[in-house]
Amino acid sequence: MYISMVALKATDSYEQHQAIWSLFPGTPERRRDHLFRVENIMATSEVSVLLQSATEPVSSEKSTVLQSKPFNPTLENEEFYKFKLVAYPTKCISQGKKVIEIKDENEQVAWLHRKLSGANVTVTALDSFLVKNKKSFNSRFVCFEGILQITNAEQIYQALIMGVGRQKHAGAGLLSLAKSS
């Protein structure tokens with residue numbers, strides 16, 4: 157795997173999705189093997205994103221790889237980690253036929269605990285923001301930050317690799333961990 161910082165010439169989430177795919181040329185349509193998170197919006201109508209991918213990204217007309225390095229995380233039970241996750245908390249209603257956003261902060265934190273059930277999670281910061289998309293509806297993403305203690309390393313590793321929740325194509329789901337000292 158690779159972890160990269162990338163500059164995208166796109167501010168709309170659909171355009172960002174297309175720009176991210178342009179980093180992997182010559183690959184047939186396949187299952188997504190990357191996750192990304194917008195880190196900041198630059199004055200030049202570009203955005204800086206953190207990208208985690210199975211293959212190394214290559215700069216394109218729509219995207220510039222600023223830096224990239226191999227990434228091979230090892231997680232240990234009982235260890236403490238700082239975490240950051242931008243997610244799209246949702247719940248199914250009507251026997252799973254309709255999906256709605258979770259807007260209540262306490263319910264959002266409960267959703268996070270369910271998604272990261274392989275760890276004891278303490279949320280220290282929570283912020284929500286609207287993500288614009290010209291192709292479909294706008295979504296309210298939530299940025300969770302805090303500390304987690306791993307109780308099931310394999311379960312958290314899967315969340316790290318596969319992402320958490322919905323809207324991964326639009327920049328949600330990338331879980332970042334840093335060992336807490």
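First residue of the sequence shown? That's 157 in our numbering, and the numbers climb one at a time after it. Just so it is clear, CB atoms sit at the ideal spot from N, CA and C, and this is done for glycine as well.
Query, Result
"Sort Ile-258, Ala-210 and Ile-197 by Cα distance to Phe-227 and report the nearest one.", "Ala-210"
"If you follow the beta strand (DSSP E) that Met-161 is part of, which residue opens it and which one closes it?", "158–164"
"Quick check: Gly-329 and Ala-243, are their CB atoms within less than 8 Å of each other?", "yes"
"Does Tyr-244 come out as helix, strand or coil in the three-state DSSP assignment?", "coil"
"What is the C-beta distance between Ser-178 and Lys-218, in whole angstroms, given that I count them as a contact (C-beta under 8 Å)?", "5 Å"
"My understanding is that Gly-327 touches Phe-180, with C-beta atoms under 8 Å, so please give their C-beta distance in whole angstroms.", "No, Gly-327 and Phe-180 are not in contact; Cβ-Cβ is about 16 Å, not under 8 Å."
"Expressed to the nearest angstrom, what Euclidean distance is found between the alpha-carbon atoms of Asp-189 and Ile-317?", "9 Å"
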